[in-house]
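Notes for the one structure printed next.
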Amino acid sequence: MKSMEELKLIRERMKVTNGARHDQRQTQIVIGMGTCGIGAGARNTLLAVMNELTLLDLDNVSVTQTGCMGMCEREPLLEIRTIEGESYLYAHVDAERARRIVANHVQLGQPMTQWIIKRGQEAERWANEKRSLHLSTNPVD
Amino acid sequence: MRFIRSHILICSGSNCQLRGSLSIMHALEAELIKKGLYQEIRIVETGCLGLCEKGPGMVVYPEGVMYTRVTLADIPEIVEEHLLKGRFVRRLMTQPADGEDKLTPLNMSPFFIKQKRVVLKNCGLINPESIEEYIAAGGYQSLAMALDQYSPDQVIQIVKDSNLRGRGGAGFPTGRKWDFTRRAEGTEKYLICNADEGEPGTFKDRLIIEGDPHLVLEGMSLAAYAIGADKGIIYVRGEYDLSIKRLEQAIRQARESGLLGRNILGSEFSFDIDVCLGAGAYVCGEETALIESIEGKRGEPRLKPPYPAQAGLWGKPTSVNNVETLANIPSIIEHGAEWFRSIGTATSSGTKVFTLTGNVVNAGLIEVPMGITLREVIMEIGGGIPGGRQFKMAQTGGTSGGCLAEEHLDVPMDYESLSQYGSSLGSGALLIMDDSHCIVDLTKCFLRFFVHESCGQCTPCREGTAQLYNIVDKISKGRAAGSDIDLIEKLSRTMQISPLCALGQTAPIPVLSAFQYFGPEVRAHLRGTCPAGICNMKGALANADS
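Protein chains in written order, with the numbering used here: chain A, 1024 to 1164; chain B, 172 to 717.
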């Protein structure tokens, strides 16, 4: 290594790989992975999201899963939470929709309104409620 | 580059490895392959997460969920529930859920919230075996900055202004030590990193090295640049297999990247590091005995002065610094002296890494700002005393530190406050004992260690430690008289001023403090009773003068 520039290059290169090692301080994509979600093809949705993130070289995004949100008939469900705290819940997200949501909403900041079933604080509160309900029914030792 | 949605950091520090963290890692890998998740998730070996008692530990990101006491049988459940479906395996989680049953982030759990991680900033976050991960976390930036912008004198001035004091036990101001070494005559100078951590109950240097070896190397490079040394030596305990392996690997990586060797980062500065293994003598942690040992001689302390800064290794000016001291340097250069002084108290700046051992729930590795109270450390971070027992004693600073009682729980942990009560920060060991232990019995244990480890060179230490042990042994058998306690006092005062090195000078500290703060319990032994019921009093003599 000859200079500070090279150190900087390594830093930039590693940023992508280390992006996942943060406590959710970035745009979050949350995918419903309950039995209902998986049954409706949520694994394909997840893989499509990750492929698209790879293609577009987006690293400031975290992808997590969550349990049943209580709207099984609309699975696969996908929620986008922005850094500003905005929340958008998408329904019936197959692989194709997932790709377009990542490309338009996550990358360009243009929500795909036609597939959104809840948005804003309301969606977040609702999702949290469902999540804590789900957590509290889990057995605790 | 492929998008990785989750990183699983598995502690591969020596404590967790002993609890099987490596086989857990392999099982996890196999399970991910089986479930077809291997391409999406990365498994990373990392340094100590702190909860050694509850190992093996792992953290799953991006959620930041920490699982402890993970067994092989838990792996399928973690993969199926958490990594596939996003449901946390709550029975393995350490962090509590708050009122609404929502997850508390890792850094908000009681174990972490009171901590301030400067030395351990990367520990448990990066892979210690990858120089690229260290660089990605900002590593070697301070070295590059110092070589580019600061003269050696400026580096010394920053460290002086930061008020950093040695973290190995003596607490000597680091900047002044470097200044002496820099100003000493001669062009050939040495920097030694003291990783001969021999104090019983101390394993912080080991876990710092295992968790972030490059941080120590960067600190050493900065120190060498400041004092004008082109050769560094890490004197590390021979038993520290993993530390040695990771240091040697880190040195190799740094050489390959041109961060060690000739003309580092294109500057005039050249520096290289060797690892030298100790053979396990406690006295070799004393800097002059350590130097003798490196020179191939028997590890015995030298008569001072001259100090190593004037005539150290091979008679050349040498600075000997502790691992933790050096690991503070990159952050001080990066953030400045004022930032460092803003942490801790007015006279003791920065943080201190402690190893929490004994009767405490969260035994392990912690880093806290100077000036935190013992109570906060034991009751909040440490999680209190297990088994419903009562707190009895805390020994700060390792076996050569003072024994403090319950009335000292609110003493701030810094150099000055602890020395007021006859104790010290020492090497950073914190031994917590509950009320099932006898203070006389504990003191006897400490003294047996010193008898064993005294190098025998000077009489006050060689004979003094043995006599102290004999007298305390007598007390523990109920055969001592009140005059024996006076004798201990007198002998201890002599030992505190006459031996050649700190081993003998500090050996009486645990005895003096224990006898001062636990007087009634000690005197009960003179009457033939051990209140804790530990000491064998079968041959006790009845004493009238107690």
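Beta carbons: idealized from backbone N, C-alpha and C, even for Gly. Please read all numbers here as calculations on a predicted model, not as lab measurements.
If I follow the unbroken beta strand (DSSP E) through residue i, where does it start and stop?
i          : result
B:Cys-187  : No beta strand (DSSP E) contains B:Cys-187, which is instead part of the alpha helix (DSSP H) from 185 to 189.
A:Arg-1089 : Per the sequence presented here, residue 1089 of chain A reads as Thr, with Arg not at that position. That run of the beta strand (DSSP E) goes 1084 to 1089.
B:Cys-616  : Counting along the chain, B:Cys-616 falls outside any beta strand (DSSP E), though it belongs to the alpha helix (DSSP H) covering 610 to 624.
B:Tyr-361  : 361 to 366
A:Ile-1124 : Looking at the DSSP string, A:Ile-1124 is not in any beta strand (DSSP E), and its letter there is neither H nor E.
A:Thr-1050 : 1050 to 1055
B:Ile-214  : 212 to 217
B:Ile-444  : 443 to 449
B:His-178  : 177 to 182
B:Met-229  : 229 to 232
A:Leu-1021 : Any question about residue 1021 of chain A goes unanswered here, given that chain A covers just 1024 to 1164.
A:Ile-1139 : 1139 to 1142
Does the beta carbon of residue i come closer than 8 Å to any beta carbon on chain B?
i          : result
A:Leu-1112 : no
A:Leu-1101 : no
A:Ile-1033 : yes
A:Thr-1105 : no
A:Leu-1131 : no
A:Gln-1088 : yes
A:Thr-1068 : no
A:Met-1094 : no
By the three-class DSSP mapping on this structure, what secondary structure does residue i have?
i          : result
B:Val-260  : coil
B:Cys-701  : coil
B:Lys-790  : No information on residue 790 of chain B is available, as it lies outside the stretch 172 to 717 that chain B covers here.
A:Glu-1102 : strand
B:Leu-602  : strand
B:Met-237  : strand
B:Glu-271  : Because the pLDDT at B:Glu-271 is just 46, under 50, the model does not fix this residue reliably, and the value given afterwards should be weighed accordingly. Three-state DSSP puts B:Glu-271 in coil, outside helix and strand.
B:Arg-469  : coil
B:Tyr-311  : coil
B:Tyr-453  : helix
B:Ile-284  : helix
A:Lys-1031 : helix
B:Gly-369  : coil
B:Arg-338  : coil
A:Gly-1062 : helix
B:Gly-437  : helix
B:Gly-429  : coil
A:Thr-1160 : At A:Thr-1160 the pLDDT is 35, less than 50, meaning the model places this residue with poor confidence; the figure from the coordinates comes in the next sentence. Correct three-state label for A:Thr-1160: coil.
B:Cys-294  : coil
B:Glu-224  : helix
A:Gln-1133 : coil
How far does the alpha helix (DSSP H) with residue i in it reach, from first residue to last?
i         : result
B:Met-708 : B:Met-708 -> no alpha helix (DSSP H), and no H or E assigned at all.
B:Ser-192 : 192 to 205
B:Thr-489 : Element bounds for B:Thr-489: not the alpha helix (DSSP H) but the beta strand (DSSP E), 489 to 493.
B:Gly-346 : 345 to 354
B:Pro-323 : 323 to 333
Please confirm whether residue i has its beta-carbon closer than 8 Å to some beta-carbon of chain A.
i         : result
B:Pro-247 : no
B:Glu-389 : no
B:Tyr-478 : no
B:Phe-174 : yes
B:Ala-315 : yes
B:Gly-437 : yes
B:Lys-256 : yes
For residue i, count neighbouring Cβ atoms within 10 angstroms of its own Cβ and tell me buried if that reaches 16, exposed if not.
i          : result
B:Lys-661  : exposed
B:Met-264  : buried
B:Pro-681  : buried
A:Cys-1091 : buried
B:Ser-183  : buried
A:Thr-1160 : In this prediction, A:Thr-1160 has a pLDDT of 35, which is less than 50 and means its spatial position is unreliable; nothing more can be read from the coordinates.
B:Ile-329  : buried
B:Trp-485  : exposed
B:Ser-607  : exposed
B:Ile-204  : exposed
B:Met-172  : exposed
B:Arg-262  : exposed
B:Arg-426  : exposed
With a threshold of 8 Å between beta carbons, is residue i in contact with chain D?
i          : result
A:Arg-1044 : Going by chain labels, chain D is absent from the structure shown, which instead holds the protein chains A and B.
Completely contained alpha helix (DSSP H) runs for the segment 527 to 600 of chain B, where each covers 4 or more residues: 586 to 591
Minimum length 4: unbroken alpha helix (DSSP H) runs contained in the segment 371 to 423 of chain B: 375 to 382 and 384 to 398
3 or more residues per run - each beta strand (DSSP E) lying fully within the segment 505 to 530 of chain B: 522 to 529
Contiguous alpha helix (DSSP H) assignments of at least 4 residues, all confined to the segment 634 to 702 of chain B: 653 to 668, 673 to 677, 679 to 688 and 690 to 697
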